Amino acid sequence: MLLREVEYARPATVEEAVAVLAAHEGARALAGGQTLINVMKQRAAAPEVLVDLADLDELREIGFSSDGMLEIGAMVTCAQLQGSSEVDVARPILADVAGTIADVQVRNRGTIGGNVCVSDPTNHFPPLLVALDATFTIRGAAGERTVSAGEFFLGVYMTAVGEGELLTKINVPASSGAGDGYAGLTIGAHGTYIVNSAATVTGDAARVAIGCVAASPVRATAMEERLAGGDYSETAVRASADGLGSSLDPPSDVHGSADFRRHLAEISAVRAVLQAAGRRR
Amino acid sequence: MMTTVTEQGRTLEKGFVGQSIPRKEDKRLVQGQGTFFDDVRRHGMGYVHFVRSPYAHAKIVSIDVSKALELEGVYGTITGDEVAIHTDPFFEMSVEPGGNIKDYALAVGRVRHMGEPVAAVCAATRELARDAAELIEVEYDELAVLVDAQEALKDEVVLHDDAGSNVVWSGVFDWGDVDAALAEADHVVKIDKLHFHRFSSTPLECAGALVEYDKGTGEWTLTCNHQMPGVGAIWMAPALRTGIDKLRFVTHDIGGGFGNKICLHPQYVVLCLMARKLGRPVQWTEWRTDQHTANAHGNERTFLDVEVAVKADGEMIGFSCKALDDCDGALQDPNASGAPCVRFVAVHGWKAGTRDAKIGDAPLGRAYPRELSARADRYRSS
Amino acid sequence: MAEPVTSRTVSLEVNGEQLEYDVPTRRLLVHFLRDDLGLTGTHIGCDTGNCGACTVHVNGEAVKSCMLLAVQADGTKVSTVEGLAADGELTALQQAFNEHHALQCGYCTPGMLMSATALLARNPHPTEEDVRYALQGNICRCTGYVNIVDAVVATGGKG
């Protein structure tokens with residue numbers, strides 16, 4: 001509840017932010033703080049320098065790139081996603097999922113960038129962004145680079161954002177008729193996920209990503225292969241999930257055994273795909 | 001017909017019964033003008049943080065407070081050894097062997113639950129007290145962990161040498177002719193084991209106190225949220241070797257209690273000692289994590305070999321069982337009101353048989369020890 | 001200013017009053033409000049950001065003041081429960097809380113009022129579902145929530 005002493009910097013530009021992050025080992029970017037401040041209160045994390053991104057307005061924008069992708073600044077909050085007409089038009093699942101994270105107060109501050117950079121296996125956004133085939137733009141002293149979702153989530157609390165670097169934006173393809181779905185089981189009505197699944201379905205292909213079962217989101221590739229061809233009847237979707245559970249090696253903890261998570265993975269993947277199939281336009 | 005004008009300016013035409021009466025405290029509470037103990041300040045006050053055991057069962061080998069005392073803004077510390085010198089153990093409301101237990105406000109020589117406080121530090125700000133607590137070095141020798149009441153019956157790991165056993169009380173409540181009831185029953189429901197896990201009533205406001213000591217009169221003033229201050233005084237005064245007239249409790253608004261603010265006398269005794277030792281008001285606000293691990297828990301109970309004699313129309317005419325109350329590593333419940341204050345494990349055998357007993361009205365209800373608010377989760381291993 | 005520091009002067013508006021204050025960078029907004037400014041109406045009920053008793057408004061949005069550093073509130077407008085009733089005149093919501101018996105111990109009440117006030121500002125006539133969704137981040141241990149929801153719905157219903 002009471003933080004250790006910490007140094008605090010409030011850069012005015014992304015370049016300044018990147019410079020401070022690079023100059024201080026043990027510096028951490030502070031976005032919404034809904035995770036970082038919390039762990040600092042427990043003294044489970046004690047960065048030496050906090051680099052507050054609050055003044056970096058360029059990271060708060062939602063728009064469209066020249067190639068029609070939805071472009072979301074890393075500092076965009078869940079509340080902003082919920083209220084964005086661009087998101088509503090291009091990829092409403094982002095707003096739907098954002099609206100299930102914690103509560104109003106957390107959503108008013110919590111950012112999509114923060115959520116993905118934490119890379120907690122139980123977070124809401126990582127499997128969704130993997131299913132959506134999002135790309136992540138990272139800026140450092142050496143310049144800017146863009147990585148795929150599969151390259152971004154490297155493990156528990158580990159992403160492709162390195163020391164002295166900052167995630168600046170996430171690009172999501174506009175849906176173009178694809179349907180998106182999201183399903184899982186939480187601890188309590190709006191708590192942390194025990195297992196979550198995200199699915200994107202077009203006329204003849206599906207992408208399915210499962211969270212909470214490994215260090216980073218897992219693509220259900222066998223299921224995707226069986227779904228290629230476009231039969232999204234309930235029978236077909238259920239059949240496509242056969243063997244999904246046994247292909248996974250999820251953890252056991254107080255919230256669920258490994259077997260329970262395998263079971264949940266199959267059910268939530270099926271539900272996500274059915275939901276997605278039903279939402280195609 | 002009564003006419004009453006309330007504080008909110010409403011005029012009631014009838015009497016109070018059956019009326020929705022607006023409360024008199026709402027006006028200040030909806031404006032954030034309540035006075036909860038943490039809202040109160042005193043000039044020169046210090047903030048207290050407790051150092052707590054991370055182990056469920058361990059010997060305290062040593063406590064070194066020197067680094068904490070070097071930190072600027074730290075006013076002082078207190079350890080279990082000092083508590084053992086300056087206070088007498090809390091009296092136990094229990095027959096032997098439970099009554100033999102020596103129970104102090106801080107762990108003395110040994111910790112018996114994760115979260116048990118072993119030392120406290122007082123500093124100029126909340127943050128500094130927390131920082132200083134990290135500088136207090138406690139060396140532990142871990143001991144075997146005991147987390148199950150049934151295991152405890154074996155007395156392989158005995159928590160209190162003074163008691164000599166983990167079974168601090170056992171007895172049989174026997175009424176009526178149970179065997180006849182079982183014979184007469186249309187059905188006998190048998191349950192091998194029923195386990196009720198412990199819980200915490202978790203009031204939204206945590207416990208705490210602001211304690212001042214008057215050197216001239218020897219009187220302590222505790223601005224706090226104790227639910228039963230009169231009882232708290234009775235528990236604290238003998239320990240502090242003083243009279244209950246020297247403990248003045250001032251309680252204003254309290255953010256819920258539900259039992260969790262009854263057993264605060266150990267923490268309050270520590271605060272009283274610190275206020276006297278440091279010559280300044282000292283304040284402690286419990287953290288939620290500490291409330292969960294180290295404040296009172298509702299009874300954890302195990303019922304074994306339950307047999308219930310039932311008639312076809314559902315009337316329960318008798319039952320028999322063996323009941324274990326897990327009272328934790330150091331129960332300090334002053335609320336046992338006449339029933340033996342059970343510690344560690346109280347083994348009750350109940351047999352009750354009577355045609356007239358109704359559910360909810362069984363003679364059992366009168367003798368069953370009331371909900372025992374165990375002070376802390378002593379048996380959770382870390 | 002991009003140089004890291006351990007204390008900073010914050011400039012912010014609190015309940016309509018412009019303030020400047022030196023704070024340690026590690027101090028949480030809730031402790032700044034309660035201990036430095038003496039605004040003790042905002043309460044602390046947990047240490048993990050779950051209970052919502054510390055809810056205040058920052059630039060009109062409901063946030064948990066225990067999940068924010070005071071320095072992060074630099075340049076913002078902060079409103080607390082003390083800022084609701086102007087000159088002791090209770091808002092319709094505060095009165096509804098009294099009429100609907102929406103408080104017992106009163107500890108969660110400031111947080112509830114701030115969350116509900118923010119809801120009513122953007123959705124003046126919320127349904128019961130809207131209210132429950134808006135109050136998800138506020139825990140009450142006394143009332144069982146029903147009267148709180150009723151009070152907020154009733155306030156919206158009065159137009």
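Chains as they are written, first to last, in my numbering: chain A, 1 to 281; chain B, 1 to 382; chain C, 1 to 159.
For every residue, glycine included, the Cβ atom is placed at its ideal position computed from N, Cα and C.
It should be emphasised that the depicted structure is a prediction, and the values quoted were computed from it without experimental measurement.
**Study point:** Proximal chain C residues relative to G298(B), where beta-carbon distance stays under 9 angstroms
**Key:** Residues of chain C passing the Cβ test: none, with the nearest at roughly 14 angstroms.
Review point. To which residues of the same chain is G256(B) closer than 7 angstroms at the C-beta, ignoring the five residues directly before and after it?
Key: The beta carbon of G256(B) is closer than 7 angstroms to those of P203, L204 and E205 in its chain, skipping five residues each way along the sequence.
Point to revise | Cross-chain neighbours of G33(A) in chain C, by beta carbon under 8 angstroms | key: By Cβ distance, chain C contributes M67, L68, L69 and Q72.
Check your understanding: On the three-state DSSP scale, how would you describe M316(B)?
Key -> In the three-state scheme derived from DSSP, where H, G and I count as helix and E and B as strand, M316(B) is classed as strand.
Point to revise | Member of T202(A), V270(A) and S247(A) whose CA lies at the smallest distance from the CA of T235(A) | key: For the options T202(A), V270(A) and S247(A), the alpha carbon positioned closest to that of T235(A) is the one of V270(A).
Practice item. Using a Cβ-Cβ cut-off of 8 angstroms, state whether G34(B) counts as contacting chain C. Key: Closer than 8 angstroms to some Cβ of chain C, the Cβ of G34(B) qualifies, so yes.
Point to revise | Exposure label - N4(C); buried when at least 16 CB within 10 Å | key: Inspection of the sequence shows that residue 4(C) is occupied by Pro rather than by Asn. Classification of P4(C): buried, given that the 10 Å Cβ count is 16 or more.
Check your understanding: Relative to chain C, which residues along the stretch 203 to 224 of chain B have a C-beta separation below 9 angstroms, given in chain order?
Key -> Residues of the stretch 203 to 224 of chain B that bring their beta carbon within less than 9 angstroms of a beta carbon in chain C comprise P203, L204, E205 and C206, in sequence order.
Check your understanding: So which residues of chain B does R4(A) contact, with C-beta pairs closer than 9 angstroms?
Key -> Neighbours of R4(A) on chain B, chain order: E127, R130, D131 and E134.
Practice item. Give me the Cβ distance between K59(B) and D141(B), rounded to the nearest whole Å; I'm assuming they're in contact under 8 angstroms. Key: K59(B) to D141(B), Cβ: 4 angstroms. Contact.
Review point. Just the Cα atoms here: how many angstroms apart are E48(A) and V6(A)?
Key: Roughly 5 angstroms separates the two Cα atoms.
Check your understanding: Sorted by chain position, which residues of the same chain lie with C-beta nearer than 7 angstroms to R366(B)'s C-beta, five sequence neighbours on each side aside?
Key -> In this predicted model, R366(B) has a pLDDT of only 27, less than 50, meaning its place in the structure is not dependable enough to derive any value.
Review point. If we call anything under 8 angstroms between Cβ atoms a contact, is E116(B) one with R52(B)?
Key: Cβ distance < 8 angstroms, so E116(B) and R52(B) count as in contact.
Point to revise | Run of the alpha helix (DSSP H) containing S85(A), from where it starts to where it stops | key: Boundaries of the alpha helix (DSSP H) around S85(A): S85 to A90.
Review point. So, is R207(A) buried or exposed, given that buried needs 16 or more other C-beta atoms within 10 angstroms?
Key: Burial call: buried.
Review point. At a cut of 8 angstroms, does the stretch 7 to 19 of chain C reach the stretch 73 to 81 of chain C through at least three beta carbon pairs?
Key: Judged by Cβ distances under 8 angstroms, the stretch 7 to 19 of chain C makes contact with the stretch 73 to 81 of chain C, as three or more pairs qualify.
Review point. Leaving out the 5 sequence neighbours to the left and right, which residues in its chain are closer than 6 angstroms to E25(A) when beta-carbon positions are compared?
Key: Here the set comprises nothing.
Review point. For S62(B), which residues of its own chain have a beta-carbon under 6 angstroms away from its beta-carbon, when the five flanking residues on both sides are left out?
Key: Around S62(B): E139.
Exercise for review: Name, in chain order, the residues that DSSP records as bridge partners for I72(A).
Suggested key: The partner list for I72(A) (beta bridge, DSSP) reads I62(A) and I170(A).
Point to revise | Extent of the continuous alpha helix (DSSP H) to which V149(C) belongs | key: From DSSP, the alpha helix (DSSP H) with V149(C) extends over V146 to G157.
Review point. What are the residues that DSSP puts in a beta bridge with V306(B)?
Key: Answer is I191(B).
Point to revise | Among L39(C), L113(C), A70(C) and V131(C), nearest to D26(B) - alpha-carbon criterion | key: The option with the nearest alpha carbon to D26(B) is L113(C).
Practice item. Locate the alpha helix (DSSP H) running through H86(B), then write down its first and last residues. Key: Judged by DSSP secondary structure, H86(B) falls within the alpha helix (DSSP H) whose first and last residues are G80 to H86.
Review point. Name the residues in the stretch 224 to 254 of chain B whose C-beta lies less than 8 angstroms from a C-beta of chain C; which are they?
Key: Here the close residues are D253 and I254.
Review point. Between the stretch 271 to 284 of chain B and the stretch 31 to 46 of chain C, are three or more C-beta pairs nearer than 8 angstroms?
Key: Judged by Cβ distances under 8 angstroms, the stretch 271 to 284 of chain B makes no contact with the stretch 31 to 46 of chain C, as fewer than three pairs qualify.
Review point. Do we get a CB-CB distance below 8 angstroms when we pair E92(B) with the residues of chain C?
Key: It does not: the Cβ of E92(B) has no partner Cβ on chain C nearer than 8 angstroms.
Exercise for review: Name, please, each residue of chain C whose Cβ falls closer than 8 angstroms to the Cβ of A220(A).
Suggested key: By Cβ distance, chain C contributes nothing, its closest Cβ being about 31 angstroms from A220(A), past 8 angstroms.
Check your understanding: What residues in the stretch 101 to 125 of chain A bring their beta carbon closer than 8 angstroms to a beta carbon of chain C?
Key -> Look at the stretch 101 to 125 of chain A: the residues with a C-beta under 8 angstroms from a C-beta of chain C are A102, D103, V104, Q105, V106, N108 and R109.
Check your understanding: Within 8 angstroms (strictly less), CB to CB, does C105(C) reach chain B?
Key -> Yes - at least one Cβ of chain B is within 8 angstroms of the one on C105(C).
Practice item. Name, please, each residue of chain B whose Cβ falls closer than 8 angstroms to the Cβ of G45(C). Key: Under the 8 angstroms cutoff, chain B gives L204, E205, C206, G255 and R288.
Review point. For A265(A) versus G245(A), is the C-beta spacing smaller than 8 angstroms?
Key: Yes, the Cβ-Cβ distance between A265(A) and G245(A) is below 8 angstroms.
Point to revise | Residue-chain proximity (V63(C), chain A), Cβ-Cβ < 8 angstroms | key: Yes, V63(C) counts as interfacial toward chain A.
Check your understanding: Beta carbon of K261(B), beta carbon of H226(B): below 8 angstroms?
Key -> Cβ distance < 8 angstroms, so K261(B) and H226(B) count as in contact.
Point to revise | G211(A) versus G52(C): straight-line alpha-carbon distance, rounded | key: Computed Cα separation, rounded: 28 angstroms.
Review point. In chain order, what residues of the same chain have a beta carbon less than 7 angstroms from the beta carbon of Q18(C), not counting five sequence neighbours either side?
Key: If we look at Q18(C) and ignore the five residues flanking it on each side, it has no Cβ neighbours.
Check your understanding: If we cut at 8 angstroms on Cβ distances, does M284(A) have a partner in chain B?
Key -> One cannot answer for residue 284(A) here, as it falls past the ends of chain A, which runs 1 to 281.
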